[in-house]
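Inspection log for the structure reproduced underneath, given as structure tokens.
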Amino acid sequence: MRPFKIRDISIDPPLILSPMAGVTDYTFRRLIKRRGGVGLVVSEFISVEGLTRGNPKSKRQMRFDEEERPFAVQIFGARPDRMAMGAEMAQEVGADVLDVNCGCPAPKVVKNGGGSGLLREPKLLESILKEIKRTITIPLTLKLRTGYSESSINVVDVAKMAEQCGVEHIQVHGRTREQGYKGLANWDRIREVKEAVSIPVSGNGDVTTIKYGIDRWRETGVDGILIGRGAMQNPWIFRQFADVLAGREPYQPDIAEKKEVLLEFFSMCREEMPEIVSLGKMKQLAGQFTRGLVGGAQFRQTLYHSHSADEILDNISIYFETLEKRSTFGDGAVEADDDRDLVIESCDLSAAGTNYALAGSGVTAMAE
Ligand SMILES: Cc1cc2nc3c(=O)[nH]c(=O)nc-3n(C[C@H](O)[C@H](O)[C@H](O)COP(=O)(O)O)c2cc1C
Numbered sequence: 004m005r006p007f008k009i010r011d012i013s014i015d016p017p018l019i020l021s022p023m024a025g026v027t028d029y030t031f032r033r034l035i036k037r038r039g040g041v042g043l044v045v046s047e048f049i050s051v052e053g054l055t056r057g058n059p060k061s062k063r064q065m066r067f068d069e070e071e072r073p074f075a076v077q078i079f080g081a082r083p084d085r086m087a088m089g090a091e092m093a094q095e096v097g098a099d100v101l102d103v104n105c106g107c108p109a110p111k112v113v114k115n116g117g118g119s120g121l122l123r124e125p126k127l128l129e130s131i132l133k134e135i136k137r138t139i140t141i142p143l144t145l146k147l148r149t150g151y152s153e154s155s156i157n158v159v160d161v162a163k164m165a166e167q168c169g170v171e172h173i174q175v176h177g178r179t180r181e182q183g184y185k186g187l188a189n190w191d192r193i194r195e196v197k198e199a200v201s202i203p204v205s206g207n208g209d210v211t212t213i214k215y216g217i218d219r220w221r222e223t224g225v226d227g228i229l230i231g232r233g234a235m236q237n238p239w240i241f242r243q244f245a246d247v248l249a250g251r252e253p254y255q256p257d258i259a260e261k262k263e264v265l266l267e268f269f270s271m272c273r274e275e276m277p278e279i280v281s282l283g284k285m286k287q288l289a290g291q292f293t294r295g296l297v298g299g300a301q302f303r304q305t306l307y308h309s310h311s312a313d314e315i316l317d318n319i320s321i322y323f324e325t326l327e328k329r330s331t332f333g334d335g336a337v338e339a340d341d342d343r344d345l346v347i348e349s350c351d352l353s354a355a356g357t358n359y360a361l362a363g364s365g366v367t368a369m370a371e
């Protein structure tokens, strides 16, 4: 796997932090980018209806820092004129790349024709892409699922059409809309896309280990790989992947560094968000991050019952100090494998202005 280009933008290493609504915000992206190995970061998906009607939340979601470059803004919607306006706004704030979401399965998004709903309306998608191309000069990219359902797999045709419209990078999550996040991503379909178009194609789905990513790359020949949920469990996954690609031993953070990264995240959250929001974010990352660590399950229980940032910080300190001294915590249990599965499951979460709360082991949405 080698670096690839989206027009003149080098994606080096060819590893992309996959957009995740409610997760890959300004804070999380910088946290991951600073760990190294990330070639491109993408915003959460942003509603063009919100953007073009002056919704402050949508505008805030476009905020980024120079250290994040290259940076892509992802938009969703179903009206060509609104999509073009939203794209223009992303270009104006200085995004390097404009990405169109054609994969979100959330009913609220699909009902209005956006996200993976566009897979059922290739003509409408074509109009959207053409309208955006007429409006912006930065590269346009597309993130797709393989089809709306198993009986209507059309990712190859959609990718070919997108290439004709001037799209410069296709990213395929190897599941259908109907599948949601169930089962495994089908990388054969990703390979079919790679073989069908001349523009760069990146693959996505279930990469949580370097071996899994390298194997999928070998089978498909994709130009790049997107990692989403895996980055929450292991913020060093990109650096480790890049190490292996460069023939180095993968970097192994020690316990002290794991603690540091949580504290860095928490301090950024506290600076940037209201206490209640930052509490949710802290629980979210700490919850994912300690999956598979000794005593992680027990630690998460104490975390979920913490009611203030200070309480969370105290619990973190106790947990990591205990780990450092004794390599164990609580009863020392490491979760069973199924508890380590990728449990965060949806872009429903922020589809229509939702808050995030952590319940049990996954993330759930509560209506605002
Ligand atoms: C909580 C959550 C939010 C997501 N939000 C988005 C999004 O805003 N835009 C998008 O294109 N995909 C979104 N996705 C899909 C991911 O980008 C990715 O395609 C999917 O999780 C599979 O990759 P993974 O197995 O590496 O996580 C989201 C996924 C999750 C779990």
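In terms of our numbering, the sequence shown opens at residue 4 and continues consecutively.
All C-beta atoms, glycine included, are put in the ideal place defined by N, C-alpha and C.
Residue i beta carbon near ligand 1 (any heavy atom closer than 7 Å)
{"i": "SER205", "result": "no"}
{"i": "ASP209", "result": "yes"}
{"i": "ALA24", "result": "yes"}
{"i": "LYS60", "result": "no"}
{"i": "GLN77", "result": "yes"}
{"i": "HIS172", "result": "no"}
{"i": "LYS146", "result": "yes"}
{"i": "ILE230", "result": "yes"}
{"i": "SER21", "result": "yes"}
{"i": "CYS1", "result": "Since the displayed the chain opens at 4 and closes at 371, residue 1 lies outside it and no answer follows."}
{"i": "GLY233", "result": "yes"}
{"i": "ASN104", "result": "yes"}
{"i": "GLU74", "result": "According to the sequence displayed, residue 74 carries Phe and not Glu. False, no ligand heavy atom lies under 7 Å from that Cβ."}
{"i": "PHE292", "result": "no"}
{"i": "PHE48", "result": "yes"}
{"i": "HIS176", "result": "yes"}
Straight-line gap, residue i to residue j (C-alpha atoms, nearest Å)
{"i": "ASP342", "j": "ARG273", "result": "Note that ASP342 scores a pLDDT of 40, beneath 50, so its modelled location is shaky; the value from the coordinates is reported in the next line. For ASP342 and ARG273, the distance between alpha carbons rounds to 29 Å."}
{"i": "LYS284", "j": "LEU101", "result": "26 Å"}
{"i": "ILE321", "j": "ARG37", "result": "25 Å"}
{"i": "LEU265", "j": "ALA289", "result": "7 Å"}
{"i": "MET235", "j": "LYS126", "result": "36 Å"}
{"i": "LEU352", "j": "SER201", "result": "Any reading at LEU352 needs caution, since the residue's pLDDT is 40, under 50, leaving its predicted position unreliable; the model's value is listed next. C-alpha separation (whole angstroms): 34 Å."}
{"i": "GLY40", "j": "THR211", "result": "15 Å"}
{"i": "PRO238", "j": "VAL175", "result": "22 Å"}
{"i": "PRO17", "j": "ALA312", "result": "36 Å"}
{"i": "GLU263", "j": "ASN157", "result": "45 Å"}
{"i": "PHE268", "j": "GLU314", "result": "16 Å"}
{"i": "ASP344", "j": "GLY57", "result": "Confidence is the limiting factor: at ASP344 the pLDDT is only 44, short of 50, which leaves the residue's position unreliable and the question unanswerable from this model."}
{"i": "LYS163", "j": "ALA199", "result": "7 Å"}
{"i": "ALA109", "j": "ARG178", "result": "14 Å"}
{"i": "ASP340", "j": "LEU296", "result": "Annotation note: pLDDT 39 at ASP340 (below 50); position unreliable, no value reported."}
{"i": "LYS114", "j": "GLY120", "result": "7 Å"}
{"i": "CYS107", "j": "MET276", "result": "26 Å"}
{"i": "GLN64", "j": "LYS197", "result": "31 Å"}
{"i": "THR357", "j": "GLN291", "result": "Reliability of the predicted coordinates at THR357 is poor, the pLDDT of 31 falling under 50, and no value is obtained from them."}
{"i": "ALA354", "j": "GLU171", "result": "Residue placement at ALA354 cannot be trusted, given a pLDDT of 35 that sits under 50; what the coordinates show is reported in the next sentence. So the alpha carbons of these two residues sit roughly 26 Å apart."}
{"i": "ASP226", "j": "ILE217", "result": "12 Å"}
{"i": "ALA286", "j": "LEU306", "result": "Looking at the sequence shown, residue 286 is not Ala but Lys. Approximately 7 Å, taken between the alpha carbons."}
{"i": "GLU181", "j": "PHE67", "result": "33 Å"}
{"i": "GLY97", "j": "PRO253", "result": "33 Å"}
{"i": "ILE347", "j": "GLY298", "result": "Reliability fails at ILE347, whose pLDDT of 43 lies under 50, so the model's placement of it is uncertain and no value is given."}
Proximity winner among the options, relative to residue i (alpha-carbon distances)
{"i": "ALA75", "options": "LEU54, SER50, THR55, PRO22", "result": "PRO22"}
{"i": "PRO73", "options": "GLY80, ILE49, ASP15", "result": "ASP15"}
{"i": "ALA93", "options": "PHE31, SER61, GLY231", "result": "SER61"}
{"i": "PRO142", "options": "GLU71, TRP220, ALA81, GLY169", "result": "GLY169"}
{"i": "ILE193", "options": "GLN182, SER152, ASN237, LEU147", "result": "LEU147"}
{"i": "VAL44", "options": "LEU306, ASP257, LEU229", "result": "LEU229"}
{"i": "GLY80", "options": "LEU296, ILE135, SER205", "result": "ILE135"}
{"i": "SER46", "options": "GLY25, GLU52, ARG56", "result": "GLY25"}
{"i": "THR30", "options": "PHE302, SER270, LYS261, SER155", "result": "SER270"}
{"i": "ARG85", "options": "ARG123, HIS310, GLY117, GLY206", "result": "GLY117"}
{"i": "LEU54", "options": "THR140, GLN77, GLY42", "result": "GLN77"}
{"i": "ILE35", "options": "GLU129, ASP11, PHE241, LEU326", "result": "PHE241"}
{"i": "ALA259", "options": "LEU122, LYS133, ILE319, ILE49", "result": "ILE319"}
{"i": "VAL204", "options": "VAL96, ILE213, TRP220", "result": "TRP220"}
{"i": "GLU129", "options": "THR140, CYS105, GLY224, GLY42", "result": "CYS105"}
{"i": "ALA87", "options": "VAL103, ASP99, GLY97", "result": "VAL103"}
{"i": "VAL280", "options": "ASP28, GLU153, ASP160", "result": "ASP28"}
{"i": "PRO83", "options": "GLN301, GLU124, SER154, LEU132", "result": "LEU132"}
{"i": "SER13", "options": "ARG33, LEU20, GLY42", "result": "GLY42"}
Beta-bridge pairing of residue i - partner residues as DSSP gives them
{"i": "ILE321", "result": "DSSP lists no partner for ILE321."}
{"i": "PHE74", "result": "VAL44"}
{"i": "SER3", "result": "Not covered by the structure: residue 3. The range shown for the chain is 4 to 371."}
{"i": "SER13", "result": "LYS8"}
{"i": "LEU101", "result": "VAL76, LEU143"}
{"i": "LEU20", "result": "VAL44, ILE230"}
is_contact[residue i, chain C] using C-beta, thresh 8 Å
{"i": "GLY250", "result": "Included in the structure is just one protein chain, with no chain C present."}
**Item:** Unbroken stretches of the alpha helix (DSSP H), 4 residues or longer, contained in the segment 176 to 259
**Value:** 190 to 199, 213 to 223, 232 to 236, 240 to 248
Which ranges does the beta strand (DSSP E) cover as unbroken runs of at least 3 residues, wholly within the segment 109 to 176, from first to last along the chain? 143 to 148, 173 to 176
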